[in-house]
Amino acid sequence: MTKYEGKTIEVNSETFESEVINSPLPVVVDFWGPQCGPCLGLMPLVEELAQRYAGQVKIVKFDTSKNRRFCIGLKVMSLPTFLFFKEGKEVERLIGNDLNIGKIEASLRKVIQN
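The opening residue of the sequence shown carries number 0 in numbering that gives the first Met the number 0; numbering runs sequentially from there.
Here it is, written out as structure tokens:
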């Protein structure tokens with residue numbers, strides 16, 4: 000597992016299981032793409048969340064352009080998509096370009112508290 004210190008880390012199909020499924024912390028996966036304007040706009044705000052919730056949750060980024068087939072297997076069909084995992088299981092999903100940092104943070108808090 001990558002050392003996690005309050006910043007987002009990149010994951011891919013090869014590291015997804017160790018970084019997300021086997022994580023002792025809840026994990027938020029930010030599925031993004033280099034051509035997705037809303038994704039790029041959220042990135043600095045997501046980095047702030049990673050700092051604010053360091054030690055309580057791990058936030059990782061998955062570049063969908065590098066492994067579309069893996070994303071389809073997770074039913075990630077549009078961007079941005081945020082999946083929330085706890086104890087290796089998906090517990091929440093946010094989709095769409097009407098996403099804002101408030102919705103993401105509210106879901107993050109819910110996952111931490113439950």
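Positions of the beta carbon are idealized from the N, C-alpha and C atoms, including for glycine.
On the criterion of 16 or more Cβ atoms from any shown chain inside 10 Å, does L39 qualify as buried, or is it exposed? Indexing the sequence shown from 1 puts residue 39 at position 40. Classification of L39: exposed, given that the 10 Å Cβ count is below 16.
Exposed or buried, what is P25 when buried is set at 16 or more other beta-carbons lying within 10 Å of its beta-carbon? The residue given as residue 25 occupies position 26 in the sequence shown. Its Cβ being crowded by 16 or more others within 10 Å, P25 is buried.
On the CB-based measure, 16 or more other CB atoms within 10 Å of its CB, does S115 come out buried or exposed? Absent from the structure is residue 115, since the part of the chain shown begins at 0 and ends at 113.
For A105, collect the residues of the same chain with a Cβ closer than 7 Å to its Cβ; drop the 5 residues on either side in sequence, then sort them by chain order. Taking the sequence shown and counting its residues from 1, one reaches residue 105 at position 106. Around A105: no qualifying Cβ.
Using DSSP bridges, identify the partner residues of T63. Counting from 1 along the sequence shown, the entry for residue 63 is found at position 64. T63 is bridged by DSSP to nothing; it lacks a bridge partner.
Sheet register partners of F83 (DSSP bridge): By 1-based counting over the sequence shown, the position of residue 83 is 84. V27, E91, per the DSSP bridge assignment.
Within 8 Å, do at least three Cβ pairs link the region 47-54 to the region 67-86? Short answer: they don't touch.
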